[in-house]
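Sequences listed follow chains A and X, in order.
Those letters in the first sequence? Residues 26 to 138, per the working numbering, in order.
Those letters in the second sequence? Residues 13 to 122, per the working numbering, in order.
The beta-carbon is built from N, C-alpha and C at its ideal position, and this holds for glycine as well.
Since the model is a prediction, treat every value here as computed from it, not as a measurement.
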Amino acid sequence: DAGVIQSPRHEVTEMGQEVTLRCKPISGHDYLFWYRQTMMRGLELLIYFNNNVPIDDSGMPEDRFSAKMPNASFSTLKIQPSEPRDSAVYFCASSWTGGYGYTFGSGTRLTVV
Amino acid sequence: KNEVEQSPQNLTAQEGEFITINCSYSVGISALHWLQQHPGGGIVSLFMLSSGKKKHGRLIATINIQEKHSSLHITASHPRDSAVYICAVYSGGGADGLTFGKGTHLIIQP
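Quick look at the structure:
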């Protein structure tokens, strides 16, 4: 298995633009998590899915953020409109049975200028 | 919400030294992860512990469930071990993701 695959690896965009981050989890994993990492706050959970259904999105900072998982092999995190304070590294992770067997993607480094 | 504390925050040591990084948490857990992150790099899971001790190469992880404490040890440290080491706990009962410590920034000097 190629692991959790995220794209793009780097994204630079102008304030106000829409940004879409993509994630392909490990086949067979039934949980998918989106995390954000910043220097100030470290790693934070944004949202997670179980069997493609969003379970807890309380970590999503604002209505500008949305996430979807249309099928078991693909998820997106969208920011519209983007702001400079959204600049961070966004990680996708998948696991089976929740907190066990965790695998992280390589992350997407987002810079909003 | 589980509070996860790591110590030290920063550690600089000489090549060959024995390294210990500590992690304490406030609420009982189902599993604890030790993660490694190199500068500009992704996050790699080193260990997942529910009890006892695990060893992989020069890395050893232990956990004491009663004391809510875990340690990560590196024997015969090497400059390539320089990275941020992050402790993360999973409390279970709803799969609410991992709660992370702030990380320990380790530098091994040759």
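Chain-ordered chain X contacts of residue i [CB-CB under 9 Å]
i        : result
Leu46(A) : Ordered by position in chain X, no residue passes the 9 Å Cβ test against Leu46(A), which lies about 14 Å from the chain.
Best match in the options for proximity to residue i [C-alpha to C-alpha]
i         : options                                  : result
Ile72(X)  : Leu84(X), Leu47(X), Leu118(X), Gly40(X)  : Leu84(X)
Ala27(A)  : Ser131(A), Val137(A), Val44(A)           : Ser131(A)
Gly115(X) : Ala88(X), His45(X), Leu61(X)             : His45(X)
Gln26(X)  : Ser19(X), His90(X), Cys35(X), Tyr37(X)   : His90(X)
Val29(A)  : Leu135(A), Arg134(A), Ser119(A)          : Ser119(A)
Leu110(X) : Ile33(X), Ile98(X), His68(X), Ala88(X)   : Ile98(X)
Asn96(A)  : Asp88(A), Asp111(A), Pro79(A)            : Pro79(A)
Lys103(A) : Phe129(A), Leu57(A), Asp88(A)            : Asp88(A)
Thr101(A) : Met40(A), Pro109(A), Lys49(A), Thr38(A)  : Lys49(A)
Val16(X)  : Leu23(X), Cys35(X), Ile31(X), Gly28(X)   : Cys35(X)
Val114(A) : Ser98(A), Pro106(A), Gly67(A), Ser91(A)  : Gly67(A)
Ser38(X)  : His117(X), Val56(X), Ala95(X), Phe112(X) : Phe112(X)
Gln121(X) : Ala95(X), Ser42(X), Ser103(X)            : Ala95(X)
Exposure label - residue i; buried when at least 16 CB within 10 Å
i         : result
Met64(A)  : exposed
Lys65(X)  : exposed
Arg61(A)  : buried
Glu36(A)  : buried
Val168(A) : A query on residue 168(A) cannot be resolved here, the shown segment of chain A reaching from 26 to 138 and no further.
Met60(X)  : buried
Gly69(X)  : exposed
Ile119(X) : exposed
Thr87(X)  : exposed
Beta-ladder partner(s) of residue i, from DSSP
i         : result
Leu58(X)  : Per DSSP, none; premise fails for Leu58(X).
Gln121(X) : Gln26(X)
Gly64(X)  : Ile75(X)
Thr63(A)  : Gly67(A)
Gln18(X)  : Cys35(X)
Helix, strand or coil at residue i [DSSP, three-state]
i         : result
Pro79(A)  : strand
Arg47(A)  : strand
Gly110(A) : According to the sequence as given, residue 110(A) is Arg; it is not Gly. The answer is helix: DSSP assigns Arg110(A) an H, G or I state.
Pro91(X)  : helix
Asn168(X) : The structure shown has nothing for residue 168(X), since chain X only spans 13 to 122.
Gln26(X)  : strand
Leu70(A)  : strand
Ala100(X) : strand
Ile104(A) : strand
Pro86(A)  : coil
Gly52(X)  : coil
Neighbour list for residue i in chain X, Cβ cutoff strictly below 8 Å
i         : result
Phe129(A) : Leu47, Gly54, Ile55, Val56, Ser57
Where residue i meets chain A, residues with beta-carbon distance less than 8 Å
i        : result
Lys66(X) : The contacting residues do not exist; Lys66(X) stays about 14 Å from chain A at best.
Partners in chain A for residue i, counting only beta-carbon separations shorter than 7 Å
i         : result
Gly115(X) : Gly67
Phe112(X) : Gly67, Leu68
Interface residues of chain X facing residue i [CB-CB closer than 7 Å]
i         : result
Phe116(A) : Ile55
Leu70(A)  : Gly109
Gly132(A) : Gly54
Phe58(A)  : Gly109
Any non-hydrogen atom of the ligand ATP within 8 Å of residue i CB
i        : result
Thr63(A) : Absence of the ligand ATP is noted for the structure shown, with no ligands found whatsoever.
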